[in-house]
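So the structure is just underneath, and the comments pick up after that.
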Amino acid sequence: MLARDNIIKKAIEAIMTLNDVMAQNVAMEALEAGIEPEYVIEEGFYAGINRIEEMFKEGKIFLPHMIAAAEAMEAGVRVLIPSKENMLSDMKSKGTVIIGTIEGDIHSIGKDIVATSLQIDGYEVINLGVDVPVETFIEKSMSIHPDIVATSALMTITMTNQLTLEKELKEAGIRDSLKTVVGGTPVTPEWAQAIGADIYGSDASDVVRKVNMILGSKKRNECPPKELLAVNASH
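Numbering (UniProt numbering), first residue to last: 1 to 235.
If you want it as structure tokens, here you go:
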């Protein structure tokens, strides 16, 4: 087996076995071997996380396993991101994203994976954390002027705060200057459309792909793809 393939195999294994030390060691081994950080993250760590997410959806593992897998991924990515940042130091950021879990909700795993994915893809990400009041999103948006405001809601009772955020952004007069992304277990494309969000993301890769699409069309002064306008995404 080629060294490159072996490292990817070990990266996936580190996530599947919830081993943050192994993830760090694999990341360092990859850097020493001259393997691109993006390749290790996407083909190794993300591949492992995707398998873990599938197992979670099938009821084969539980939330603590998901959290441990995310922590393992983050441990490995922390080793790789400085290298990624050095490579991009002379490149302009693709945009600024404010992200957080909406007020009343303390779940962070999905939101953190999305934040990391956007950062790896070249965005400047301001992660506000969990249980973030709508007012904080407004204040940060008015001071930072982001391209994207993304919120996660993991409980049905907190989803209404995503609607409140849409209303408050309009009242503050800044809604038209940015795009909004919503996601989370109970969130659906229909909900995103109903509240007026620009993008619904089913997972991290979905969010990154659609943020790239909508910001790309914005820079070219084109209408956003119908995929984003009509149902905001597929789950």
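Built from N, CA and C at the ideal position, the CB exists for glycine as well.
Shown here for residue 156: same chain residues with a beta carbon closer than 8 Å to its own, the five before and five after excluded, namely 186 in chain order.
DSSP places residue 196 in the coil class of the three-state scheme, outside both helix and strand. In the three-state reduction of the DSSP assignment, residue 77 falls in the helix class.
Residue 60 and residue 16 have their C-alpha atoms roughly 13 Å apart. Going by DSSP, residue 179 is part of no alpha helix (DSSP H) but of the beta strand (DSSP E) stretching over 179-183. The three-state reading of DSSP puts residue 70 in helix, counting H, G and I together. CA-CA distance, residue 9 to residue 43, rounds to 9 Å.
For residue 150, the enclosing beta strand (DSSP E) covers residues 148-152. Check the Cα spacing between residue 67 and each of 112, 40, 29, 27: the tightest is with 112. Here residue 104 is actually not in contact with residue 128; their C-beta atoms are around 14 Å apart, not less than 8 Å. Counted as a single uninterrupted DSSP element, the beta strand (DSSP E) harbouring residue 124 occupies residues 124-127.
If you check the CB distance, residue 192 and residue 182 come in under 8 Å.
DSSP, reduced to helix, strand and coil, places residue 26 within a helical segment of the structure shown.
Scanning its chain for C-beta atoms nearer than 6 Å, with the 5 sequence neighbours on each side dropped, one finds around residue 94 the residues 122, 123, in chain order.
Here residue 102 carries a strand assignment [DSSP, helix/strand/coil].
With respect to residue 119, residue 76 sits apart: the two C-beta atoms are not nearer than 8 Å.
Excluding five sequence positions before and after residue 18, the CB atoms of its chain that fall closer than 7 Å to its own CB belong to 65, 68, 69, 72, given in chain order. Annotation: residue 189 to residue 2 spans about 42 Å, alpha carbon to alpha carbon. No Cβ-Cβ contact shorter than 8 Å links residue 108 with residue 205.
Here DSSP, grouped into helix, strand and coil, assigns residue 134 to helix. The C-beta distance from residue 142 to residue 98 rounds to 11 Å, too long to fall under 8 Å, and the pair is not in contact. Counted as a single uninterrupted DSSP element, the alpha helix (DSSP H) harbouring residue 112 occupies residues 109-120. Residue state for residue 96 is assigned as strand, using DSSP reduced to three classes.
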